[in-house]
Amino acid sequence: MAEQSFDPLLTELRSVLDKADPVPDAVLAAAVASFTWRTIDSELAELSADSLDALTSAAGTRAVGGAARLLTFEAPGVEIEVEVAETGSARRLTGQLVPPESAQITVRWASGSIETRADEFGRFTVEGVPAATVSLAIVRPAAPHPVVTSWIAI
Amino acid sequence: MLEPTTAELVGAAGAGDNGAWNALVERYARLVWSVARGFALSAADAADVSQTTWLRLVEHLGRLREPEALGGWLASTARHECLRVLRKSGREVVGFDADIEIESGEPTPEAIILDDERDQLLWRSLSEISQRCQVLLRALATTPAPSYQDVSAALGMPVGSIGPTRARCLDHLKRRLNAHESRQGPAGGGA
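Residue numbers (my numbering), protein chains in the order written: chain X, 1 to 154; chain A, 155 to 345.
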């Protein structure tokens with residue numbers, strides 16, 4: 001962009017950063033590999049609420065320890081509420097579909113996945129999810145398309 | 155041959171073109187990384203932020219309102235993820251809005267691989283200026299050079315304040331660097 005005038009210090013900084021803090025190869029490879037998660041026939045349920053975002057920075061340091069994190073994802077016609085609890089290094093997801101209905105649930109992350117079912121009341125629990133960037137795929141018997149949630153680091 | 159525009163690459167990737175996706179990663183991976191590292195995240199946390207940001211883009215390829223402004227979208231997504239990581243660990247961004255300079259004692263391990271003395275001092279000086287200045291200067295130093303719109307998204311600041319903030323941050327960096335250099339004496343001195 002034209003507004004950026006040349007500054008020799010910035011040029012020097014660029015060279016230092018290229019040497020001292022380049023994007024690691026594994027990070028580039030993960031970014032490239034993300035494309036394999038492209039879905040063409042799924043509805044996206046976007047993150048509409050995250051209890052972490054509600055914390056003000058002043059309250060943040062107090063509220064963090066131990067409290068479960070609440071996430072809400074919304075797609076047309078369905079809402080997915082997920083409570084994330086830390087169980088050692090893993091996570092336990094306790095979820096609720098609104099409106100309630102049974103469904104097949106898959107928790108997916110870069111290197112694996114776990115399948116479970118939501119019962120007729122739309123409730124589900126998944127244990128042993130790694131602390132990673134995950135997404136849930138929800139297949140409801142009556143719905144024409146699967147719903148996938150936005151990716152989120154838990 | 156003309157380089158494809160970002161909007162063209164977004165369109166092609168959205169239609170399933172793997173090569174277009176790789177070109178987007180090539181174009182913007184450094185910007186995303188610079189935001190995460192500018193917020194002083196560890197390499198592991200920065201890797202997570204980067205992955206979450208790119209996965210978010212995969213799901214949003216066909217939904218971006220302004221595909222040409224992808225750099226800003228990625229920078230803003232990365233910034234939000236950084237703030238989540240910091241909140242999750244009970245950390246705060248100290249003085250992000252107040253431009254508070256950081257008193258850093260230990261040089262970071264990365265300094266070891268810089269054999270040029272001035273490079274080392276510059277690297278160290280970067281870690282001592284305010285968090286906001288670190289994000290801004292790291293973002294501005296990426297190639298290809300980001301637009302001010304991209305940088306404003308990385309910082310959550312209005313575009314109009316990027317120019318003046320850039321000048322102030324470069325000034326802070328210069329002052330730290332000069333202070334270190336005068337302490338060390340002239341280059342090659344002491345021999």
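Backbone N, C-alpha and C define an ideal beta-carbon position, used for all residues, glycine too.
Computed from a predicted model, the values in this text were never measured in an experiment.
Exercise for the section: Compute the distance between the beta-carbons of X/Ile154 and X/Val129, then report whether it is under 9 Å. Expected result: yes
Practice task
Could you tell me which of A/Ser306, A/Gly168, A/Asp270 sits nearest to A/Val189, measuring between CA atoms?
Solution key: A/Ser306
Practice task
For A/Glu157, count neighbouring Cβ atoms within 10 angstroms of its own Cβ and tell me buried if that reaches 16, exposed if not.
Solution key: exposed
Problem - Endpoints, the beta strand (DSSP E) within which X/Thr72 is located - result: 69 to 75
Problem - A/Thr207: first and last residue of the uninterrupted alpha helix (DSSP H) it sits in - result: 197 to 214
Problem - Inter-stretch contact (C-beta, 8 Å, three-pair minimum) for the region 272 to 286 of chain A and the region 326 to 339 of chain A - result: yes
Exercise for the section: Identify the contact partners of X/Ile152 in chain A, using a Cβ-Cβ distance below 8 Å as the criterion. Expected result: Thr206
Practice task
Could you have a look at A/Ala295 and say whether DSSP puts it in helix, strand or coil?
Solution key: coil
Problem - For A/Glu162, three-class secondary structure by DSSP - result: helix
Practice task
Leaving out five residues on either side along the sequence, give the residues of the same chain with a beta carbon under 8 Å from the beta carbon of X/Asp119.
Solution key: Ser102
Practice task
Identify whether A/Phe193 lies in helix, strand or coil by the three-state DSSP scheme.
Solution key: coil
Handout entry: Span of the alpha helix (DSSP H) around A/Gly225
Key = 224 to 242
Exercise for the section: Can you grab the Cα-Cα spacing for the pair A/Gly170 / X/Trp151, in whole Å? Expected result: 19 Å
Exercise for the section: Report the rounded CA-to-CA distance for X/Pro76 versus A/Ala198, giving the unit in angstroms. Expected result: 35 Å
Problem - Opposing strand residues paired with X/Leu97 [DSSP bridges] - result: X/Ile80
Handout entry: Buried versus exposed, by CB contacts within 10 Å (16 or more), A/His214
Key = buried
Practice task
Under 7 Å between beta-carbons, which chain A residues line up against X/Asp119? List them in chain order, please.
Solution key: Correct list: empty, because the minimum Cβ distance to chain A is about 27 Å.
Exercise for the section: State the start and end residues of the unbroken beta strand (DSSP E) segment that holds X/Asp109. Expected result: Before going further, note that residue 109 of chain X is Trp rather than Asp in the sequence given. Here the beta strand (DSSP E) through X/Trp109 covers 103 to 109.
Handout entry: Cβ-Cβ separation, A/Ala183 to A/Arg233 (assumed contact under 8 Å), whole Å
Key = No, A/Arg233 and A/Ala183 are not in contact; Cβ-Cβ is about 16 Å, not under 8 Å.
Exercise for the section: Using a Cβ cut-off of 9 Å (strictly closer), state whether X/Asp7 contacts chain A. Expected result: yes
Practice task
Identify, in the order they occur along the chain, each residue of the same chain with its Cβ nearer than 7 Å to the Cβ of A/Glu222, setting aside the five sequence neighbours on each side.
Solution key: Thr159, Thr160, Ala161
Exercise for the section: Please list, in chain order, all residues of the same chain as X/Ser57 whose beta carbon is under 6 Å from its beta carbon, the five residues on each side excluded. Expected result: With a pLDDT of only 47 at X/Ser57, under 50, the local geometry of the prediction cannot be trusted, and no value is derived from it.
Handout entry: Cβ shell of X/Leu71 (< 6 Å), same chain only, five flanking positions each side left out
Key = Asp50, Val82
Practice task
For A/Gly343, collect the residues of the same chain with a Cβ closer than 7 Å to its Cβ; drop the 5 residues on either side in sequence, then sort them by chain order.
Solution key: Per-residue confidence for A/Gly343 stands at a pLDDT of 44, beneath the threshold of 50, marking its modelled position as unreliable; the derived number appears in the next sentence. Nothing meets the Cβ criterion.
Practice task
Could you check which residue in A/Ser284, A/Gln303, A/Gly310 has the C-alpha nearest to that of A/Asp325?
Solution key: A/Ser284
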